[in-house]
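I have placed the structure first, in the form of structure tokens, so that the comments after it can refer back to it.
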Amino acid sequence: MMRNRTADRALVVYGANPVLELLRSGHPVGDLYLAPGPRMHELAAAARARDVSFIEERDRGALGRRAGSPHHQGAVALVPGFRYAPLDRLCGPECRSALLLDGLQDPRNLGAIIRTARAAGLAGVVVPQDRSVAVTGVVAATSAGLVFGIPIVRVPNLVRAMTTLKDAGYWLVGLTSDAPRRLGDLDRPERVAVVLGGEGEGLRPLVLRACDFVASIPMAPGVDSLNVAVAAGIALYTLVNPASGTS
Numbered sequence: 042m043m044r045n046r047t048a049d050r051a052l053v054v055y056g057a058n059p060v061l062e063l064l065r066s067g068h069p070v071g072d073l074y075l076a077p078g079p080r081m082h083e084l085a086a087a088a089r090a091r092d093v094s095f096i097e098e099r100d101r102g103a104l105g106r107r108a109g110s111p112h113h114q115g116a117v118a119l120v121p122g123f124r125y126a127p128l129d130r131l132c133g134p135e136c137r138s139a140l141l142l143d144g145l146q147d148p149r150n151l152g153a154i155i156r157t158a159r160a161a162g163l164a165g166v167v168v169p170q171d172r173s174v175a176v177t178g179v180v181a182a183t184s185a186g187l188v189f190g191i192p193i194v195r196v197p198n199l200v201r202a203m204t205t206l207k208d209a210g211y212w213l214v215g216l217t218s219d220a221p222r223r224l225g226d227l228d229r230p231e232r233v234a235v236v237l238g239g240e241g242e243g244l245r246p247l248v249l250r251a252c253d254f255v256a257s258i259p260m261a262p263g264v265d266s267l268n269v270a271v272a273a274g275i276a277l278y279t280l281v282n283p284a285s286g287t288s
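Numbered by my numbering, the letters in the sequence shown go through residues 42 to 288 in order.
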């Protein structure tokens, strides 16, 4: 079993929705700062439900400095380290779909993809420990806090993780722009894991060879690529039933 790993440093979570989702989750919360505003009552109630104390910060400039962003919406929380899930969390019989990301670098793309994955009901998202962005405050903000509502697995070896998922009954579908088979032509597997490459480079050869199927998203002439977060949304809603997270 691959062990759970936490991020290397504390995480600053900012924004009303991300902080609210953090408080509603089981993730540990350190210091919490709230400014008077329309969401303060809701956030304070969620903090009390978790027995988390908070500091009322009336200086919104000071709050912005704590967040590292002016877009804090009156809520900033410090998390001692993001709690990643173990890979075997995705291998239970109730898990039917997952997403693997190979070498994603932009935290905004990761946050957008996690938000879509949560909306599509996926069992979890897998990222490699190296050559990939980790969960950051920007990821939490871009995902609207949904990063705290879906298992995020961080593995030392993505190909080995793919083998583990195969052994658990997943079919692995990789996306490339030049694959002759179109995504919509694939039958929906009973258990599916979509595999996407990073910005620009796409899937590494070893990862590509480990996929069971490789498919492309059809595009109009003159367009040869999509933003990876957009491609993820198309692939997930093509292969996964959003109502249940099943294929």
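Just so it is clear, CB atoms sit at the ideal spot from N, CA and C, and this is done for glycine as well.
Treat the numbers as computed from the prediction; the structure is a model and nothing was measured.
Here's the rule I'm using: 16 or more other beta-carbon atoms within 10 Å means buried, otherwise exposed. How should residue i be labelled?
| i | result |
| --- | --- |
| Glu231 | exposed |
| Glu135 | exposed |
| Asn268 | exposed |
| Thr205 | buried |
| Tyr125 | buried |
| Gly152 | buried |
| Val60 | buried |
| Val180 | buried |
| His113 | buried |
| Ala86 | exposed |
| Tyr293 | Because the chain is modelled from 42 through 288, residue 293 falls outside the range shown and cannot be assessed. |
Out of curiosity, what's the CA-to-CA distance linking residue i and residue j?
| i | j | result |
| --- | --- | --- |
| Leu163 | Leu280 | 11 Å |
| Leu213 | Pro192 | 18 Å |
| Arg137 | Leu64 | 27 Å |
| Val235 | Phe189 | 21 Å |
| Ala160 | Val168 | 18 Å |
| Gly102 | Ile154 | 30 Å |
| Val174 | Pro79 | 33 Å |
| Thr33 | Glu97 | Given a span of 42 to 288 for the chain in the structure shown, any question on residue 33 remains unanswerable. |
| Gly219 | Met260 | Strictly speaking, residue 219 in this sequence is Asp, with Gly absent from that position. Rounded to whole angstroms, Asp219 to Met260 spans 11 Å at the Cα level. |
| Leu227 | Asp171 | 31 Å |
| Leu39 | Ala57 | The structure shown has nothing for residue 39, since the chain only spans 42 to 288. |
| Phe95 | Pro69 | 14 Å |
| Arg93 | Glu62 | According to the sequence shown, residue 93 is Val rather than Arg. Between Val93 and Glu62, the C-alpha separation is close to 14 Å. |
| Pro197 | Ser266 | 28 Å |
| Leu140 | Glu242 | 18 Å |
| Ala90 | Cys252 | 44 Å |
| Arg149 | Cys132 | 28 Å |
| Val233 | Pro77 | 45 Å |
Are the Cβ atoms of residue i and residue j separated by less than 8 Å?
| i | j | result |
| --- | --- | --- |
| Leu187 | Asp143 | no |
| Ser312 | Thr217 | As shown, the chain starts at 42 and ends at 288. That puts residue 312 outside it, with no answer to give. |
| Ala273 | Leu237 | yes |
| Val255 | Arg222 | yes |
| Arg195 | Gly165 | no |
| Gly67 | Gly109 | no |
| Leu73 | Met81 | no |
| Gly263 | Leu145 | no |
| Leu244 | Gly215 | yes |
| Leu249 | Ala202 | no |
- prompt: When the Cβ atoms of the region 111-129 are set against those of the region 49-56, are three or more pairs found closer than 8 Å?
  reply: When Cβ pairs closer than 8 Å are counted between the two stretches, the region 111-129 is seen to touch the region 49-56, the count reaching three or more.
task: May I have a chain-ordered list of the beta strand (DSSP E) segments no shorter than 3 residues that lie completely inside the region 143-202?
output: Listed in chain order, they are 165-169 and 193-196.
message: So within the region 56-113, which uninterrupted alpha helix (DSSP H) runs reach at least 4 residues, ignoring any that extend past its ends?
response: List check, alpha helix (DSSP H) in window: 57-65, 81-90 and 101-108.
task: Let me know the beta strand (DSSP E) ranges lying completely inside the region 210-250, each 3 residues or longer, listed in chain order.
output: Contiguous beta strand (DSSP E) elements confined to the region 210-250 occur at 212-216 and 233-238, taking only those with 3 or more residues.
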